[in-house]
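Protein chains in written order, with our numbering: chain U, 4 to 408; chain Y, 4 to 408; chain R, 5 to 127; chain Z, 5 to 127.
Here a beta-carbon is modelled for each residue, glycine too, at the ideal position from N, C-alpha and C.
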Amino acid sequence: MTLAERCRPDFAILNRRVNGKPLVYLDSAASSQKPRQVIEAVRRYYETTHANVHRSIHTLGEEATALLESVRDRVRQFIGAAQREEIVFTRGTTDAINLVAQAIGRTVKAGDEVIVTEMEHHSNLIPWQMLCRDRGAVLKAVPVIGEGFLDLEAFTRLLSRRTRVVAVAHVSNVLGTINPVREIAERAHAAGALVLVDGAQAVPNLPVNVQSLGADFYAFSGHKMLGPTGGGVLYGRRAVLDSLEPAWGGGEMIKEVWIDHAQWNDLPWRFEPGTPPIAPIVGLGAAVEYLSAIGMEAVAAHERALCRLTLELLAKNGDTTIYGPRNPEIKGAVVAFNVRGLHPHDVAHLLDQEGIAVRAGHHCAMPLMRRLGVVGTVRASFSVHTTPAEIEHLARSLSNLDLMI
Amino acid sequence: MTLAERCRPDFAILNRRVNGKPLVYLDSAASSQKPRQVIEAVRRYYETTHANVHRSIHTLGEEATALLESVRDRVRQFIGAAQREEIVFTRGTTDAINLVAQAIGRTVKAGDEVIVTEMEHHSNLIPWQMLCRDRGAVLKAVPVIGEGFLDLEAFTRLLSRRTRVVAVAHVSNVLGTINPVREIAERAHAAGALVLVDGAQAVPNLPVNVQSLGADFYAFSGHKMLGPTGGGVLYGRRAVLDSLEPAWGGGEMIKEVWIDHAQWNDLPWRFEPGTPPIAPIVGLGAAVEYLSAIGMEAVAAHERALCRLTLELLAKNGDTTIYGPRNPEIKGAVVAFNVRGLHPHDVAHLLDQEGIAVRAGHHCAMPLMRRLGVVGTVRASFSVHTTPAEIEHLARSLSNLDLMI
Amino acid sequence: MLYSSVISERFRHPRFFGDLADADAVFEDVNPLCGDRVRIQLKLANGSVADARFKGDSCAICMASADLLVEIARGRAIGEVLALAPDDLLTRLEAKIRPSRITCVTLPLQVLKGALTAVGAAR
Amino acid sequence: MLYSSVISERFRHPRFFGDLADADAVFEDVNPLCGDRVRIQLKLANGSVADARFKGDSCAICMASADLLVEIARGRAIGEVLALAPDDLLTRLEAKIRPSRITCVTLPLQVLKGALTAVGAAR
Ligand SMILES: Cc1ncc(COP(=O)(O)O)c(C=O)c1O
Ligand SMILES: Cc1ncc(COP(=O)(O)O)c(C=O)c1O
Chain U
4 MTLAERCRPD FAILNRRVNG KPLVYLDSAA SSQKPRQVIE AVRRYYETTH
54 ANVHRSIHTL GEEATALLES VRDRVRQFIG AAQREEIVFT RGTTDAINLV
104 AQAIGRTVKA GDEVIVTEME HHSNLIPWQM LCRDRGAVLK AVPVIGEGFL
154 DLEAFTRLLS RRTRVVAVAH VSNVLGTINP VREIAERAHA AGALVLVDGA
204 QAVPNLPVNV QSLGADFYAF SGHKMLGPTG GGVLYGRRAV LDSLEPAWGG
254 GEMIKEVWID HAQWNDLPWR FEPGTPPIAP IVGLGAAVEY LSAIGMEAVA
304 AHERALCRLT LELLAKNGDT TIYGPRNPEI KGAVVAFNVR GLHPHDVAHL
354 LDQEGIAVRA GHHCAMPLMR RLGVVGTVRA SFSVHTTPAE IEHLARSLSN
404 LDLMI
Chain Y
4 MTLAERCRPD FAILNRRVNG KPLVYLDSAA SSQKPRQVIE AVRRYYETTH
54 ANVHRSIHTL GEEATALLES VRDRVRQFIG AAQREEIVFT RGTTDAINLV
104 AQAIGRTVKA GDEVIVTEME HHSNLIPWQM LCRDRGAVLK AVPVIGEGFL
154 DLEAFTRLLS RRTRVVAVAH VSNVLGTINP VREIAERAHA AGALVLVDGA
204 QAVPNLPVNV QSLGADFYAF SGHKMLGPTG GGVLYGRRAV LDSLEPAWGG
254 GEMIKEVWID HAQWNDLPWR FEPGTPPIAP IVGLGAAVEY LSAIGMEAVA
304 AHERALCRLT LELLAKNGDT TIYGPRNPEI KGAVVAFNVR GLHPHDVAHL
354 LDQEGIAVRA GHHCAMPLMR RLGVVGTVRA SFSVHTTPAE IEHLARSLSN
404 LDLMI
Chain R
5 MLYSSVISER FRHPRFFGDL ADADAVFEDV NPLCGDRVRI QLKLANGSVA
55 DARFKGDSCA ICMASADLLV EIARGRAIGE VLALAPDDLL TRLEAKIRPS
105 RITCVTLPLQ VLKGALTAVG AAR
Chain Z
5 MLYSSVISER FRHPRFFGDL ADADAVFEDV NPLCGDRVRI QLKLANGSVA
55 DARFKGDSCA ICMASADLLV EIARGRAIGE VLALAPDDLL TRLEAKIRPS
105 RITCVTLPLQ VLKGALTAVG AAR
């Protein structure tokens, strides 16, 4: 049995029919579906264990706290962090990046510089724009060249002693490009800059080790990796987190409070004000367990094969333009394309008639769309339950599109 | 059948035994339990509808978006807001208050003033401390007097043309005091200040109408009102939201993006960067439906009766000191107390042996603890499933405590 | 057919796509759903829309809506044009448009009214 | 009995609760769980803890832990005191302490070591 065949029974939503056709869900990069193990973990948590966490003396509170904190350990291991104190629970990638921009923001001075790239998701761009505007800092972007790669020479020229932060996607959510994060981090560190890696499209699909990548911060979302919506993770290197003031205030992130000042709590709680998204994190733990049981190497191999097939089949269709690297070996689990003469939204709408869910539009990457010279693209993306037959159905449907509009 | 009797079968967790005794959950103010209608709504969402919301052309995406946006309408109605654009989804109360402090922060100048109260939860204190420190503004606190009331005369003296924000709890999470928000808002508005109301302990227990309260902002958490963890709401008056820059950046909160600048999206999405906590909000919708079906007047009456009983029974115990108003008519669904000679944590631990879950400690209100002259208190809090028999069990257990340590 | 024959026809063969020499009013705006832009150019004379053209790299629905709207507006009194409502377009597009795509229909209308407002013709 | 007879006894009748005249070292810290404070005062002589007292408005576990710790420390060489581990206290408290309350046991130890560090006795 293939990986997908083993996994499919776990995804109840795959039984759905859309417009009379079986659902073909090729939009996992936007948000993945959830296996029953995750849905069950959330239900079980609410039916047997729920209470607020931390500072709680009663049994349920202790159990809920232990559960939440056990996910921290599991996530630490999953992404190869050195210490549990380095794992901060957030609402998602966007929340995590804002947290870092906010915390670092307090230390940024006029004339300091932040480097992003032209392929960033708006989540890894707007927070830096806001920071730079607020502090009088300068934002620079590494150009995208060729089939969709970062121009590393340009990057090196942009780097200087004024560079405070380099913010880069591990995997582009449009091109699928796996960026050379390790090399980028080495050069950034040599210039004295911190490196934030947006791992939203990497953690669900590839084995990730934050230490070997050399990331100072690594952000990702639970809902893209089979986990519930509402939870995510910020990894922060201990020494860096130690040096930062908290981004936001509230309960749990303090030790002692007076009206006019407060003493911060220890890591990681210092960066977790308020009641955490307990059930989403509990579900994330179940998702990590699910992915770990398969093994991320196996997940990556499965998705690489789907990527290869998609690229092959689309290349046969003369009306299709593909964006991003053509080599599946250096690509995450997404393929973006356009169909000649059709707007991506119409393509998505037409495919929906066939039961196929793809994303269409700018994918929250408008600067990249401008660089590609398009208003938007269609994007097919894969998960553990995606089958070659579904990709073939996509390719077949695309061949007949023009007749339908 | 009483309200509690009708509700109890909906709460699966009440079948749990703790230390061999039936669970008596008196910690709803920290986080409420969830009725099966809420747990089911989340499960159903994941099994039939889940996809990322907004900008989505496929069927699941459209259904998920419609579901999320329908909760916005339902919440608008539940709290009496005028427009759906005034309902911003957040992760919770803490998140909502940080959002406001951040957005207003950009407009605060050195010498401006913010007024909080001595009874605020840290969530409605630390964000203002951070704002004042960052901007050179001054933080002032309205004293707590008598049985636990705000000193309104002192408040009026604190108000001035320099006051930018007045941040006050609708209901204190320790004292239970229902604060005269309307009067506070009138005076604050007369001075030209904005009013943020922390409704975390009000919305779950009382009928709330943000317009008649005169709040400019009103924040609350889903998880305290029978909803899932990870979702909450910020109400913001349209004219005020319109005037504010977004707090945080990311996807969905923009219309057009260039590398160095962006054009913000319309309300309410301008304040909702990133993938929202979709399932927690869907569950919040189910919780609002559940509470609405009972009727908030009925919920309030039920909890007032429990409050009255608790106050009566505890008053009979000579070793018990009660904090907060003694009149249940002017009190939310919490009763805080201490037992002579015992630390609150030991009391909570002892009660846990009897299956009773109460909260003990400073309740994230350290300045109030100092004002009360205690290290902490025990707190019993109520929800729709709480019964008089459970309160009697609490009172009985408290009488025997000293023998057990 | 995905949407309707009206949309199909106007998308494939728009009648008023292009630029206008010496336009009196030009306006463009963005569809918040997708970031697509639509631009409308107008010539005004005697309180009427004498001529109009649209441009934009947009989806079939938006394209058809813009083309239809320009056809309706041409030769009409400005007051009448300002009174046009989304329903006027929806009816004539003869398609059931899903809520998620409704901005694709309304964007051209918004842009047209913006153009009239910009030159002070909307009072 | 909730915790253990050792805790019960030391909580009800702490032996070393109070202040020390002319202390050589004073230190206090906060339990992150609850905000409770513990303060320890020390008299040092000849590389040993000559005398010690603690104060604090804290729970039974923390009270007993502090009282026990002070008893152990009194008369001991500073090096030995610095080598004390949480387990030394846990064993002698004869109670199963839940993870959520473990800081109630360890806080006094942390404070005592803080006191020694503050006077430079910890090297
Ligand atoms: C009055 C009050 N404000 C704010 C909060 C914080 O809410 P949350 O932790 O859900 O953000 C709470 C609850 O802990 C509260 O009782
Ligand atoms: C590369 C990348 N970064 C950031 C995000 C934002 O993640 P979220 O919306 O979960 O915060 C996404 C997904 O939308 C993404 O693909």
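Counting only beta-carbon atoms, is Asp263(U) nearer than 8 Å to chain Z? As a working mapping, residue 263(U) is identified with position 260 in the first sequence. Residue-level contact by beta carbon fails for Asp263(U) and chain Z, as no gap is shorter than 8 Å.
For Thr93(Y), which residues does DSSP report across the bridge? Against the second sequence, residue 93(Y) aligns to sequence position 90. Under DSSP, the beta-bridge partners assigned to Thr93(Y) are Gly235(Y).
Simplified DSSP assignment, three categories, for Asn341(Y): Along the second sequence, read from residue 1 onward, the residue named residue 341(Y) stands at position 338. Strand at Asn341(Y).
So what does DSSP say about Tyr7(Z), is it helix, strand or coil? Start at 1 with the first residue of the fourth sequence, and residue 7(Z) comes out as number 3. Note: Tyr7(Z) maps to coil in three-state DSSP.
What did DSSP end up calling Phe385(Y) once you bin it into helix, strand or coil? On the second sequence, position 382 is the one that residue 385(Y) refers to. Residue state, collapsed to three classes: coil.
Quick test of the definition: if touching needs 3 or more C-beta pairs under 8 Å, does the region 61 to 68 of chain Z touch the region 96 to 112 of chain Z? Because the criterion of three Cβ pairs below 8 Å is met, the region 61 to 68 of chain Z and the region 96 to 112 of chain Z touch.
Endpoints, the alpha helix (DSSP H) within which Phe81(U) is located: In the first sequence, the residue the question calls residue 81(U) occupies position 78. Run containing Phe81(U): Thr62 to Phe81, per the alpha helix (DSSP H) assignment.
Please name the residues in the region 8 to 22 of chain Z whose beta-carbon is closer than 9 Å to at least one beta-carbon of chain Y, in chain order. In summary, the residues of the region 8 to 22 of chain Z whose CB is separated from some CB of chain Y by less than 9 Å are Ile11, Ser12, Phe15 and Arg16, in the order they occur in the chain.
For Ala242(U), the three-state DSSP class (helix, strand or coil): As a first step, residue 242(U) is located in the first sequence; it is residue number 239 there, counting from the start. Secondary structure of Ala242(U) (DSSP, three-state): helix.
In chain Z, what lies closer than 8 Å to Ala69(U) by C-beta? Along the first sequence, read from residue 1 onward, the residue named residue 69(U) stands at position 66. From the beta-carbon of Ala69(U), the residues of chain Z found nearer than 8 Å are Pro103.
For the alpha helix (DSSP H) containing Glu88(Y), list its first residue and its last residue. Mapped onto the second sequence, residue 88(Y) falls at position 85. Here Glu88(Y) belongs to no alpha helix (DSSP H), and DSSP marks it neither H nor E.
Partner residues on chain Y for Ser69(Z), Cβ-Cβ distance less than 7 Å: Position 65 of the fourth sequence, counting from 1, holds the residue named residue 69(Z). Residues of chain Y passing the Cβ test: none, with the nearest at roughly 13 Å.
Determine the direct distance from the alpha carbon of Arg79(U) to that of Ala461(U), and round the result to whole angstroms. With chain U covering only 4 through 408, there is no way to say anything about residue 461(U).
Which one or two residues does DSSP pair with Ile359(U) in a beta bridge? Translated into positions along the first sequence, residue 359(U) becomes position 356. In DSSP, Ile359(U) forms a bridge with Val27(U).
Give the residues from the region 113 to 127 of chain Z that approach chain U closer than 8 Å (Cβ to any Cβ), ordered along the chain. With the criterion set as a beta carbon lying under 8 Å from some beta carbon of chain U, the region 113 to 127 of chain Z has no members that meet it.
DSSP three-state label for Asp55(Z), please. Counting from 1 along the fourth sequence, the entry for residue 55(Z) is found at position 51. Note: Asp55(Z) maps to strand in three-state DSSP.
Could you check if Gly277(Y) belongs to the surroundings of ligand 2, using beta carbon to heavy atom distance under 7 Å? Counting from 1 along the second sequence, the entry for residue 277(Y) is found at position 274. Checking every heavy atom of ligand 2 against the Cβ of Gly277(Y), one is found closer than 7 Å.
Return the residue from the list Asp30(Y), Ala15(Y), Asp13(Y) and Asn22(Y) that minimises the CA-CA distance to Ala413(Y). For chain Y, the structure presents residues 4 to 408; residue 413(Y) sits outside this window and is missing.
With H, G and I counted as helix, E and B as strand and the rest as coil, what does DSSP make of Trp267(U)? Your numbering for residue 267(U) matches position 264 in the first sequence. DSSP, read as helix, strand or coil, puts Trp267(U) in strand.
Could you check if Thr180(Y) belongs to the surroundings of ligand 1, using beta carbon to heavy atom distance under 7 Å? Against the second sequence, residue 180(Y) aligns to sequence position 177. Thr180(Y): no, Cβ never under 7 Å from ligand 1.
Consult DSSP for Glu123(U) and reduce its assignment to one of helix, strand or coil. For the purposes of this step, residue 123(U) is identified with residue 120 of the first sequence, where counting begins at 1. In the structure shown, Glu123(U) falls within a coil segment according to DSSP collapsed to helix, strand and coil.
Whose C-beta lies closer than 7 Å to the C-beta of Gly118(R) among residues of the same chain, with five residues either side of it excluded? Position 114 of the third sequence, counted from the start, is the residue given in the question as residue 118(R). The answer, listed in chain order, is Phe31 and Asp33.
Chain Z residues whose Cβ lies nearer than 7 Å to that of Asp322(Y): For the purposes of this step, residue 322(Y) is taken as residue 319 along the second sequence, with counting starting at 1. Neighbours of Asp322(Y) on chain Z: none; closest Cβ ~15 Å, over 7 Å.
Who are the near neighbours of Arg19(U) in its chain, counting only those whose CB is closer than 6 Å to its CB and skipping five residues on each side? Residue 19(U) sits at position 16 when you count from the first residue of the first sequence. Closer than 6 Å at the Cβ level, and outside the excluded window around Arg19(U), lie Leu26.
Output needed for Arg241(Y): all residues of its chain with C-beta closer than 8 Å, excluding positions within five of it in sequence on either side, in chain order. As a position in the second sequence, residue 241(Y) is number 238, starting the count at 1. Correct list, in chain order: Ala85, Gln86, Glu88, Glu89 and Leu270.
Per-residue burial, Ser384(Y) [other beta carbons within 10 Å of its own, 16 or more giving buried]: The count along the second sequence starts at 1 and reaches residue 384(Y) at position 381. Residue burial is scored here from C-beta neighbours: Ser384(Y) has at least 16 other C-beta atoms within 10 angstroms and is therefore classed as buried.
Taking 8 Å as the threshold (beta carbon to beta carbon), is Ile281(Y) in contact with chain R? Numbered from 1 along the second sequence, position 278 holds the residue referred to as residue 281(Y). For Ile281(Y), no CB of chain R lies under 8 Å from its own CB, so it is not counted at the interface with that chain.
Ordered along the chain, which non-local residues of its own chain (more than five positions away) have a Cβ less than 8 Å from that of Ser59(Y)? Stepping through the second sequence from its first residue, residue 59(Y) is reached at position 56. Only residues of its own chain outside the window of five on either side were considered, and among them Glu65, Ala67 and Thr68 have a CB closer than 8 Å to the CB of Ser59(Y), listed in chain order.
With a cut-off of 8 Å on the beta carbons, I'd call Val177(Y) and Met228(Y) a contact; round off their distance for me. Here residue 177(Y) is taken as the residue at index 174 of the second sequence, counted from 1. Here residue 228(Y) is taken as the residue at index 225 of the second sequence, counted from 1. Their Cβ separation, rounded to whole angstroms, is 19 Å, which puts Val177(Y) and Met228(Y) out of contact at 8 Å.
Among the candidates Phe158(Y), Gly195(Y) and Glu186(Y), whose CA atom is the shortest distance from the CA of Arg165(Y)? Sequence index remark: in the second sequence, residue 165(Y) carries index 162 (1-based). It is Gly195(Y).
Excluding sequence positions up to five away, which residues of its chain have a Cβ less than 6 Å from the Cβ of Gly217(Y)? For this step, residue 217(Y) is matched to residue 214 along the second sequence. Hits under 6 Å: Arg185 and Ala188.
Let me confirm a value: Trp261(U) is counted as buried when at least 16 other C-beta atoms fall within 10 Å, else exposed. Which label applies? Here residue 261(U) corresponds to residue number 258 of the first sequence, with the count starting at 1. Trp261(U) should be labelled exposed.
Note the first and the last residue of the continuous beta strand (DSSP E) segment covering His167(Y). The count along the second sequence starts at 1 and reaches residue 167(Y) at position 164. The amino acid occupying residue 167(Y) in the given sequence is Arg; His does not appear at that position. For Arg167(Y), the enclosing beta strand (DSSP E) starts and ends at Thr166 to Ala172.
For Asn22(Y), go through chain U and note every residue whose CB falls closer than 8 Å to its CB, in chain order. Residue mapping note: residue 22(Y) aligns to position 19 of the second sequence, counting from 1. Result: Thr62.
I think Ala303(Y) touches Pro231(Y), with their Cβ atoms under 8 Å apart; what is that distance to the nearest whole Å? By 1-based counting over the second sequence, the position of residue 303(Y) is 300. By 1-based counting over the second sequence, the position of residue 231(Y) is 228. About 23 Å separates the two Cβ atoms, so there is no contact after all.
Using a C-beta cutoff of 8 Å, does Leu88(Z) count as contacting chain Y? Here residue 88(Z) corresponds to residue number 84 of the fourth sequence, with the count starting at 1. Interface with chain Y (8 Å Cβ-Cβ cutoff): Leu88(Z) is excluded.
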